[in-house]
Every structure is written in C-alpha cells, then in structure tokens.
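Peer 1: Residue numbering for the sequence shown is -4 to 167, as defined by our numbering.
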Amino acid sequence: MRLANLQYTARPIEAETLSVILPLLAEACAEGADLVALPECATIMAKDRNTLMEEAGNEATSRGLSTLREAAARHQRWLLIGSLLLNADSGDGQMVNRSLLISPDGAIHARYDKIHMFDAELGDGQHYRESDHYIPGTTAMLAHTPLATIGMTICYDLRFPGLYRTLAEAGA
C-alpha cells in the first residue's frame, strides 16, 4: 500500500482550502498513492464561530465533503479525511469533529466522531474548550478496507491509550 499525507493550511473559507487540496490530491494520486490522508479540520479553520458554522454545513449539505467524495471517485482512490467540522444534526448550534473514510467510488465507507475533546487551561489565563462547541463521539471506529484495517481517531485522542488498545485488539 502506498500512502500520501497532504500538508497544507486550512483557511476560513472552504472554497479557498479546496482549491489547495484538489491539486495536491491529484498529484498524490498521479504518484501512485492508494490512500490519501488529510489532516484534522481539513477544509475549514476559522476563529469566528459564525463563519465556521456558515461554511461548514452538516454531513448532507457540506460542500467540502461532496467535493472530496467526487475527487475520490474521479481518482478512484481511498481518501481519509482527518476530520471535517460539521454542524450537528441536533440543530442546537453544536458541531461535530468527524473523520470520514471515502471509498474509491466516492461513498462514505466509515465515519468517526472525535471522542476526546481538547479542554485546556493555558498558562497565560487563556483556555481552550472544544467541549463548549462540539458533541463528542461515543464509539471507536474500525474501518475494514482491501488495503488495511484502519482504526480511526482524531488528534487529541492520541492522549488516551485505551482507545488505541481497543482498536488494536479489534484488528487495527
């Protein structure tokens, strides 16, 4: 299996970020990648919550997700979206931080919502609380593909070895 990991800086406007991702994805596929991985917050990174929510959409309406699904199908490659910030279906102003594995036909093969929210008090009196705005996931995700069995996690999850032990014992 040949894996490509794309590195770039997500922007506050999703269309701008997609204009960076799509050529990188095409290049990785042209160089023989079987699976291409994107980072957490793959298509949007905005400080302003209103901008973020307007740009994000939900899983059914996300322009970023539909564009990336089309690209996976066009290139006939597996695409692991590290995460998309999506409006929760609850409609209460909360969001989810969701990783999606897209199959070579563009279908959503697996999805995982980040379980462990990053809540931290910084030394200078500032704080960061994902749990104020994001609904945590409740279930570990093991995605079976012809390439590999993938344990899906997002960023801060790495601080919790029990999740990785569970995924490894299940076959990841």
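Where is the CB? At the ideal position from N, CA and C, for every residue including glycine.
Fair warning: this is a prediction, and the values are worked out from it, not measured in the lab.
(1) Less than 6 Å separating the Cβ of T38 from some heavy atom of the ligand ZN?
(2) Give me whichever residues DSSP pairs with Y123 in a beta bridge.
(3) Assign S57 to one of three DSSP states: helix, strand, or coil.
(4) If the criterion is Cβ atoms closer than 7 Å, does the pair Q71 and P99 meet it?
(5) Could you tell me which residues DSSP pairs with I97 in its beta bridges?
(6) Considering L137, what are the terminal residues of the alpha helix (DSSP H) in which it resides?
(7) Taking contact to mean at least 3 C-beta pairs separated by less than 8 Å, is the segment 42 to 58 in contact with the segment 19 to 34?
(8) Please go through the same chain and pick out, in chain order, the residues whose beta-carbon is closer than 6 Å to the beta-carbon of A41, but skip the five residues on each side of it.
(9) Indicate whether L74 and L60 have their beta-carbon atoms separated by less than 7 Å.
(10) Could you tell me whether the Cβ atoms of N45 and L81 are closer together than 7 Å?
(11) Here's the rule: buried if 16 or more other CB atoms are within 10 angstroms of the residue's CB, otherwise exposed. What is D152?
Peer 2: On the basis of the supplied data:
(1) As far as ligands go, the structure on display features none, and thus does not contain the ligand ZN.
(2) Along the sequence shown, one-based indexing puts residue 123 at 128. Answer by DSSP bridge pairing, in chain order: A115.
(3) As a working note, residue 57 is residue 62 in the sequence shown. Coil at S57, not helix or strand.
(4) Within the sequence shown, residue 71 is the residue found at index 76, counting from 1. Within the sequence shown, residue 99 is the residue found at index 104, counting from 1. Yes; because the gap between Cβ atoms is below 7 Å, this pair is in contact.
(5) On the sequence shown, residue 97 is found 102 positions in, with the first residue counted as 1. In DSSP, I97 forms a bridge with L74, I103.
(6) Position 142 of the sequence shown holds residue 137. Run containing L137: none in the alpha helix (DSSP H); it sits in the beta strand (DSSP E), 136 to 139.
(7) no
(8) Position 46 of the sequence shown, counted from the start, is the residue given in the question as residue 41. So the list reads P7, L47, once near-sequence residues are dropped.
(9) Position 79 of the sequence shown holds residue 74. Position 65 of the sequence shown holds residue 60. No, Cβ-Cβ distance for L74 and L60 is not below 7 Å.
(10) To locate residue 45, count along the sequence shown from 1; it is residue 50. To locate residue 81, count along the sequence shown from 1; it is residue 86. Not closer than 7 Å, so no.
(11) Taking the sequence shown and counting its residues from 1, the one referred to as residue 152 is at position 157. When all chains shown are included, D152 counts as buried.
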